[in-house]
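Chains as they are written, first to last, in the working numbering: chain A, -7 to 98; chain B, -10 to 228.
Built from N, CA and C at the ideal position, the CB exists for glycine as well.
Bear in mind the structure is a predicted one, so any value in this text is a computation, not a measurement.
All remarks here apply to the structure that follows.
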Amino acid sequence: MRTDYVILILLMGLATYLTRVSFLVFFKKVKMPDIIYRSLKYIPVSILATLIFPGIFIPNDKLDIAITNPYIIAGVVTVGTVLISKNSILSIILGIISLVALRTFL
Amino acid sequence: MQLKVFFTGIRKTIPLMIGVIPFGVAYGIMGSQAGLTIVEIAFMSMIVFAGSAQFVAVGMISQNIGFAFIVFSTLLINLRHLLMGLSLSSYLNKLRSGWLYILAFGMVDESYATTINHYQNSESSEGNPYFMLGSAVGMYIFWIGSSIAGGILGNSIKDPLSWGLDFAMPATFLSILIPQIKSVRILSVILISGTCTIFAYLYIPGKWHIIIATVVATIAGTIMETIDERRSLKCEQTM
């Protein structure tokens, strides 16, 4: 391994670790104000939405909100399956299968 | 007993562990194209353990961009972890600090989403650290393994992101998110976050879309909750 790359990777690791550890440890010592406490339950659903929406509506870095976008159809299949069957593994598998099928046959 | 929780953490993360494979392979391929050796590719996955930051870094390395700028970009891309740390902290603040320093290293998007969902659905207000540990270890092994596979395969395989497995991540997150929609307010928060994300994703580089959308949607949700509460309080008073 080249020394300069080792240093780069270690510094990248440090930068990443700092973002992960700081709030986790900081809010162990500091009591959060009530309003922050109240807002906490909206963070996970918001973050999940930010991870899901681009993957479905901006595939390959291009906005595609037409019904012909296979990711949207596969997303509908996933949501429909989880609502009907309450089975998350089944919904993930059906979602992936429907995406592959749509890509192959469309 | 704790071992069982550890394995539950791994088990609940399996779809995301499989879903990360094409991304790890793609990163490995990009890394070898950028001139990194297999050992360097693997070392970065072991030390940094952050997919999008690593993608950006190898992209910048291949364009000969300065190392200081790469480290600074890594910091910016990963600022979203602050929000994840904030939301996890209320479940983990009873733990010894040592645990937090270990768990923080493994807090990636996938282990965060799986873990916070598990903690929210469990009856206790305190999260079991072994669950998060299992989830993180599962992601860690698959991330490193797929990075190495990509580095070895190099250019000899077709674009791994076209396998269909790239949908495993959004599909898994959907299967976690949908059952959480228990009120119109939560649904509104999701739609606000999703809309903001799409606009920010298209117009702002980096990973700012996650931070901007999460902050906007979380504030919106909190305001809606406060208004609803005041309204129901008023109703009670007038009755």
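{"Check": "Alpha carbon to alpha carbon, how far is Gly134/B from Met33/B?", "Outcome": "12 Å"}
{"Check": "Quick one: using the 10 Å Cβ neighbour count with 16 as the cut-off for buried, is Cys185/B buried or exposed?", "Outcome": "buried"}
{"Check": "Quick one: Cα of Phe(-5)/B to Cα of Asn79/A, how far?", "Outcome": "22 Å"}
{"Check": "Could you give the C-beta distance for Ile59/B and Met4/A, rounded to a whole number, given that I count them as a contact under 8 Å?", "Outcome": "7 Å"}
{"Check": "Can you give the Cα-Cα distance for Ile50/A and Leu(-8)/B, rounded to whole angstroms?", "Outcome": "40 Å"}
{"Check": "Mind reading off the beta-carbon distance from Ile44/A to Pro159/B? Whole number of angstroms is fine, and I expect it under 8 Å.", "Outcome": "5 Å"}
{"Check": "Would you mind telling me which residues of chain B sit closer than 7 Å to Phe49/A, beta carbon to beta carbon, in chain order?", "Outcome": "Ile187"}
{"Check": "I need the DSSP call for Glu112/B, collapsed to helix, strand or coil.", "Outcome": "coil"}
{"Check": "May I have the straight-line CA-CA distance separating Tyr29/A from Gly72/A, to the nearest angstrom?", "Outcome": "33 Å"}
{"Check": "Out of Phe38/B, Ser182/B, Asp155/B, which one is the CA nearest neighbour of His275/B?", "Outcome": "The structure shown does not extend to residue 275/B, since chain B spans only -10 to 228, so no value can be given for it."}
{"Check": "Could you compute how far the alpha carbon of Met121/B sits from the alpha carbon of Ile50/B?", "Outcome": "33 Å"}
{"Check": "Please list, in chain order, the chain B residues whose beta carbon lies closer than 7 Å to that of Leu75/A.", "Outcome": "Ile167"}
{"Check": "Take the Cβ of Pro46/A as the centre, count every other Cβ of all protein chains shown within 10 Å, and call the residue buried at 16 or more, exposed below.", "Outcome": "buried"}
{"Check": "Along chain B, in chain order, which residues have C-beta atoms closer than 7 Å to that of Leu40/A?", "Outcome": "Ala102, Phe162, Ile165, Leu166"}
{"Check": "When you compare each of Met213/B, Leu150/B, Thr103/B to Tyr(-1)/B by their alpha carbons, which one comes out closest?", "Outcome": "Position check: residue -1/B holds Ile in this sequence, whereas Tyr was assumed. Nearest of Met213/B, Leu150/B, Thr103/B to Ile(-1)/B, Cα basis: Thr103/B."}
{"Check": "Hey, how far is the Cα of Pro58/A from the Cα of Ser113/B?", "Outcome": "Note that residue 58/A corresponds to Ala in the displayed sequence, not to Pro. Cα to Cα, Ala58/A sits roughly 43 Å from Ser113/B."}
{"Check": "Only counting runs of 4 or more residues, tell me where the alpha helix (DSSP H) segments fall wholly within the stretch 115 to 186 of chain B, in order along the chain.", "Outcome": "118 to 142, 157 to 166"}
{"Check": "If you follow the alpha helix (DSSP H) that Asp26/A is in, where does it begin and where does it stop?", "Outcome": "26 to 31"}
{"Check": "From Ile36/B, Met128/B, Phe44/B, Thr207/B, pick the residue whose C-alpha is nearest to that of Ile27/A; which is it?", "Outcome": "Thr207/B"}
{"Check": "Near Val178/B, which residues of its chain fall below 7 Å by C-beta distance, leaving aside the five closest residues on each side in sequence?", "Outcome": "Ala206, Ala209, Gly210"}
{"Check": "Touch check for the stretch 118 to 132 of chain B and the stretch 3 to 20 of chain B: three-plus C-beta pairs under 8 Å?", "Outcome": "yes"}
{"Check": "The alpha helix (DSSP H) spanning Val45/B covers which residue range?", "Outcome": "40 to 51"}
{"Check": "Compare the C-beta of Val71/A against all C-beta atoms of chain B and say whether one is closer than 8 Å.", "Outcome": "yes"}
{"Check": "With 16 other CB atoms within 10 Å as the buried threshold, where does Met(-10)/B fall?", "Outcome": "exposed"}
{"Check": "Does any CB atom of chain B fall closer than 8 Å to the CB of Val37/A?", "Outcome": "yes"}
{"Check": "Which residues mark the beginning and the end of the alpha helix (DSSP H) in which Val37/B is found?", "Outcome": "No alpha helix (DSSP H) contains Val37/B, which DSSP labels as neither H nor E."}
{"Check": "Looking only at C-alpha atoms, which of Met213/B, Thr161/B, Ser151/B sits nearest to Leu86/A?", "Outcome": "Thr161/B"}
{"Check": "Mark Asp148/B as exposed unless 16 or more other C-beta atoms lie within 10 angstroms of its C-beta, in which case mark it buried.", "Outcome": "exposed"}
{"Check": "Using only alpha-carbon positions, find the residue among Met73/B, Ile105/B, Ala157/B, Thr(-3)/B that is nearest to Ile10/B.", "Outcome": "Ala157/B"}
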